[in-house]
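Asker: Structure incoming, see below.
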Amino acid sequence: MSSGEKPTLLLIDGHSLAFRAFYALSPDNFKNSAGQHTNAVHGFISMMLNILELEKPTHLCVAFDVSRESFRTKELPEYKGTRGETPEEFIGQTELLVEALTAMNIVSVSRENYEADDLIASLSVAGEKAGMEVLVVSGDRDTFQLITEKVTILYPVKGVLNLARMDDAAVLEKYGVHARQYPELAALVGETSDNLKGIPGVGPKTAAKWIQEFGSLEAILQNAEQIPGKVGNSLRENAELAVRNRRLNHLLRDLEFDFTLEDLELGPVNEDAVSESFAKLSFRTLLTRVLKLRGTNGSQHKVISAKVMHEESDHTSVIDAPAAATSAVIADLPTEPIPSELADLVSIERLIGSGDCCVHVEIADSKVVGLGAATLSKRLQWNGEGNPDPLLETGGFGTWDYKMLSRNLAGIGISLGPITNDPLLSCYLIDPLSKDLNPDAQIRQHAGIDIVRQDPNELLSQSDPSLDAWIYSVLVAVTCPQLEAEGSLAVYRDIELPASAVLAKMEQLGIAVDRDYLETQFQELDAEVAKVAQEAYAIIGHEVNLASPKQLQTVLFEELGMVGTRSVKTGFSTNAEALATLYEQTEHPFLERLLAHRDATKLRQMAETLIKSIEKDGRIHTSYSQVGTSTGRLSSENPNLQNIPIRSARGQKLRGAFIAGAGFETLLTADYSQIELRIMAHMSQDAGLIEAFNAGEDLHNFVGSRLYDVAPDQVTPDMRAKVKAMSYGLAYGLSDFGLARQLRIDKREAKQLMEDYFSRFGGIKTYLDQVVQRAKTLGYTTTIYGRRRPFPDLNSKIFQLRENARRAALNAPMQGTAADIMKIAMVNVAKAMDQAGLRSQLLLQVHDELVFAVYPGELETLKQLAVTQLGQVVKLSVPLDVHIGVGANWELAGH
DNA sequence: CTCACTACGTA
DNA sequence: CGTACGTAGTGAGT
């Protein structure tokens, strides 16, 4: 251990980690020669080594429970009583683990009557007092009470390999209370895993709210009379439960030990001892890792890893044949040794030859820690020496999920250069419905190659970036010719690839938001929710979970005796449409409150989600999924900025939170009006619809005038609404039934409307029928740019499936073409802005709308540029109409 | 803890 | 019995 480093004490809850390891690895795969299971021991050591590697602690101690009995079970016999029997295969492994730890010179500790957490708590305090940083690995949230500036909990989340760093900020973020308050929250809520019941009706949210309000559990209990409602009663009745829980979850911090902190220091290991111990356990791969990580005070030269052997050569070491971890199939592919240095990779052409080079990058601790490059026949791997960043910034290679990599690299100050290929995108274009868009699944599917990622004896796979890079190369080599054969290579090269670079930038920019504004909105909505809920309860005379369709069914259709309209699986629907119908029938005031409550909770939740999404830069960075839809559209997530309310006045106010941000003048939106209907007009070549778009008249008025044989200015709002619904519905495969339901007219009238429509605009029907027919024959639909979507269900014997497929098929070319056009527009806009030297920024895409931040002085230029670029993407039989909006925020800039 | 279901916001 | 999405809450299951 280098003396300059800050001493760091790592404390591990032995059983907690051993159990996780036990469930992560199959016992069947891990037995020693005596038939004793060793999966928990193996997994534990592997995970421990992983933590040692990442955290580089100087001191380590592992604490175990002696048995289930402790002073806590003496007070409360049922404490932790819900824990099931220890699995048979686990028995004996703790002892083996302690032995192995001893062989590695690692101190393990346990004590009669105390739990491991008490030992950890006491050691943690001791370590902190001695000026050390302390890391605690424990799956027990009670340890959160130990968190201080110096003490961090590594808490296992989802999966074996993930440890969340819980410090005070993380606890506050996740639970809404400070770490020191966490046990008070747990005392109120209860802890199922410890068999501790909490206050009935009190969940983490309520508990956090109270703690925030009163400051402590004690204060809450003192002021219990002030707490209203059911939960208030519950609290008063069960106060002693909380007190008991708090007593039980308090960890002892003053236990003393017969060793000193110095005894916990990690030093070199005795190779023979570890070797012997691991031999008993039949572990082979772990030995290498231990010795490499810890160093040995035994014979120095026995352990030499493959990579070390090459170190003498240079920065980049040639990898010999693909690692043993890959399947035999890979060995069939030609490999040749390439003497190379990092510099050779920078002049990428030499490596590529006629093939395509791909890279795979691994990032950890804000650094590039792994870099592999490959063509079909060559694999190079960086060994960690020298700086690979310039290579990445030069670009000129392919990689999987450029957009994600670009964002991750940007996060650590590296700007990824332009790329040549992204097999994620090519695989998506081949099968936009694919459920498993990951490299291993795709190479199995497209090239029949099975990638075996890890030796079953190894919990933590050794990373092999060049293998990943090689997989990408294979995928590029297989999918591009297929795309070419299908006529969709241009969609890949000219649309998706360039769009991914534009999207990467948009994601990184994010959009500025006004946090105070959003918080005010949230507060208002929160008050409204509470008010409306109380009114609703008063009307029906009792409380009910207004968010529970099931409970609402009881209230509406049993207690209030209403007659349901639409049926869903659980009974009658309680959705807004059904409630509206019920309201027409009964005018019951409860329905009003319920609808208002739904509205307000939905908006409140959105406001909350948005607030939580604001990053340190004061902006919201959504992620666009370029492979998330079957039609070619984008989707937006974390948060979804493509469904921010606009229709209702109250909802629209949320848009006011999105602003241009410091240094920018205003927001500008550019949207295509009725783009899908225009595409329908073009594709169908229906003379009536084409004329409608070229007439310069309001579209729906024009169509209405044709349909009802009146002058355009004689079309009533009612007529216009019907025509509009009809026009849009067409593109979705709307039926007379659906049209009738939507317009609340009878089916006969709806049917008549459709017949009239088709008699005036016959080309549309012909076109739609032809789309479906073609899709039935070919098995897929295409957009005008060649994007395909397969339709396996179009010939299904099951009516429902076939019908669903039919409607989706007739819509896909229109929605897909619109998506293509918008993506091209984005690419062209970005390019034009660049060429014009504009400093304005493209920030968001919402299917048919783009949102820009306008740099001071660029408003007119940008307006012109946007109109031009969006409008001239493609020449159709009807013009592409672009509408511009300008305003200080998204609400004002909207249309 | 995960999943299906219901609900609801957008284009 | 209208296409395409993402998110959140409930309640029943593991």
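No gaps in the numbering here: position 282 of the first sequence is 326 in this note's numbering, and each next residue is one more.
Even for Gly, the Cβ is constructed at its ideal location relative to N, Cα and C.
Return the CA-CA distance between glycine 220 and isoleucine 655, expressed in angstroms with no decimal places.
Answerer: Answer to the nearest angstrom: the Cα atoms are 14 Å apart.
Asker: Quick check on the DSSP output: what are the complete alpha helix (DSSP H) runs of length 4 or more inside the stretch 758-785, in order along the chain?
Answerer: Counting only runs of 4 or more, we get 761-774.
Asker: Can you list, in chain order, the residues of its chain whose CB lies under 6 Å from that of proline 633, leaving out five sequence neighbours each side?
Answerer: Around proline 633: Ile583.
Asker: Please confirm whether alanine 580 and histidine 641 have their CB atoms less than 8 Å apart.
Answerer: Yes. Within cutoff.
Asker: Could you tell me whether the Cβ atoms of methionine 870 and leucine 888 are closer together than 8 Å?
Answerer: Contact flag unset, no.
Asker: Within the continuous alpha helix (DSSP H) that includes alanine 937, where are the two ends?
Answerer: From DSSP, the alpha helix (DSSP H) with alanine 937 extends over 934-937.
Asker: So alanine 165 and leucine 296 are in contact, right, with Cβ under 8 Å, and what is the actual spacing, rounded?
Answerer: So it is a contact: roughly 6 Å between Cβ atoms.
Asker: Taking the straight line between their C-alpha atoms, what separation do you get for aspartate 837 and threonine 905?
Answerer: For aspartate 837 and threonine 905, the distance between alpha carbons rounds to 48 Å.
Asker: Cβ atoms of threonine 52 and glutamate 177: under 8 Å apart, would you say?
Answerer: Yes; because the gap between Cβ atoms is below 8 Å, this pair is in contact.
Asker: Hey, how far is the Cα of aspartate 72 from the Cα of glutamate 133?
Answerer: Going from the Cα of aspartate 72 to the Cα of glutamate 133 covers about 9 Å.
Asker: Helix, strand or coil for tryptophan 254, going by three-state DSSP, please let me know.
Answerer: In this structure, tryptophan 254 counts as helix in the three-state DSSP scheme.
Asker: Quick check: what's the CA-CA separation for leucine 712 versus tyrosine 226?
Answerer: About 46 Å.
Asker: So, is threonine 614 buried or exposed, given that buried needs 16 or more other C-beta atoms within 10 angstroms?
Answerer: It counts as exposed.
Asker: Considering just the uninterrupted stretch of the alpha helix (DSSP H) at aspartate 941, what are its terminal residues?
Answerer: Coverage of the chain is limited to positions 45 through 939, which leaves residue 941 absent and any answer about it impossible.
Asker: Which residue or residues does DSSP assign as beta-bridge partners of asparagine 465?
Answerer: DSSP output for asparagine 465 lists Gly442 as bridge partner(s).
Asker: Do glutamate 540 and leucine 469 have their CB atoms nearer than 8 Å?
Answerer: Yes; because the gap between Cβ atoms is below 8 Å, this pair is in contact.
Asker: Taking the straight line between their C-alpha atoms, what separation do you get for lysine 124 and asparagine 682?
Answerer: In a straight line, the C-alpha of lysine 124 is about 37 Å away from that of asparagine 682.
Asker: How many angstroms separate the CA atom of arginine 127 from the CA atom of alanine 548?
Answerer: Each residue's alpha carbon lies about 47 Å from the other.
Asker: Does serine 349 come out as helix, strand or coil in the three-state DSSP assignment?
Answerer: Confidence in serine 349 is poor, its pLDDT being 23 and thus under 50, which makes the residue's placement too unreliable to answer from.
Asker: Leaving out five residues on either side along the sequence, give the residues of the same chain with a beta carbon under 8 Å from the beta carbon of histidine 86.
Answerer: The residues are Ala65, Leu69, Phe74, Leu325, Phe327, Leu330, Asn501 and Leu503.
Asker: Rounded to whole angstroms, what's the CA-CA distance from phenylalanine 702 to alanine 577? Just pull it up for me.
Answerer: Going by the C-alpha atoms only, they are around 29 Å apart.
Asker: What is the DSSP secondary structure of lysine 411, reduced to helix, strand or coil?
Answerer: Three-state result, lysine 411: strand.
Asker: Between aspartate 307 and valine 106, which are expected to be in contact by the criterion C-beta below 8 Å, what is the C-beta distance as a whole number of angstroms?
Answerer: Not quite, the Cβ-Cβ distance comes to about 13 Å (not below 8 Å), so this is no contact.
Asker: In this structure, does DSSP put cysteine 401 in helix, strand or coil?
Answerer: Three-state result, cysteine 401: coil.
Asker: Assign glutamate 177 to one of three DSSP states: helix, strand, or coil.
Answerer: Three-state result, glutamate 177: strand.
Asker: With respect to the alpha helix (DSSP H) encompassing arginine 116, which residues constitute its N-terminal and C-terminal limits?
Answerer: Taken as a continuous stretch (DSSP letters only), the alpha helix (DSSP H) holding arginine 116 covers 115-119.
Asker: Label phenylalanine 781 either buried or exposed according to how many other C-beta atoms from any shown protein chain fall within 10 Å of its C-beta, with 16 as the threshold for buried.
Answerer: Its Cβ having fewer than 16 others within 10 Å, phenylalanine 781 is exposed.
Asker: Starting from proline 200, trace the alpha helix (DSSP H) both ways and give me its first and last residue.
Answerer: Per DSSP, proline 200 belongs to no alpha helix (DSSP H); it is in the beta strand (DSSP E), 195-200.
Asker: Under three-state DSSP, which class holds leucine 240?
Answerer: Leucine 240 falls in the strand class under three-state DSSP.
Asker: Put tyrosine 668 into one of helix, strand or coil per three-state DSSP.
Answerer: In this structure, tyrosine 668 counts as strand in the three-state DSSP scheme.
Asker: Can you tell me whether DSSP reads isoleucine 458 as helix, strand or coil?
Answerer: Isoleucine 458 falls in the coil class under three-state DSSP.
Asker: Taking the C-alpha atoms as reference points, what is the distance between leucine 337 and leucine 93?
Answerer: Cα to Cα, leucine 337 sits roughly 8 Å from leucine 93.
Asker: Thinking just about the alpha-carbon of each residue, which of Arg116, Leu179, Ile865 and Leu638 is nearest to the one in asparagine 293?
Answerer: Minimum Cα distance to asparagine 293 is reached at Arg116.
Asker: In the DSSP assignment, what are the bridge partners of histidine 103?
Answerer: Beta-bridge pairing links histidine 103 to Leu53 and Glu309.
Asker: Mind checking serine 510: buried by the 16 CB within 10 Å criterion, or exposed?
Answerer: Counting Cβ neighbours within 10 Å, serine 510 comes out buried, since at least 16 surround it.
Asker: Over the uninterrupted beta strand (DSSP E) stretch that includes tyrosine 824, give me the two end residues.
Answerer: Its beta strand (DSSP E) spans residues 824-826.
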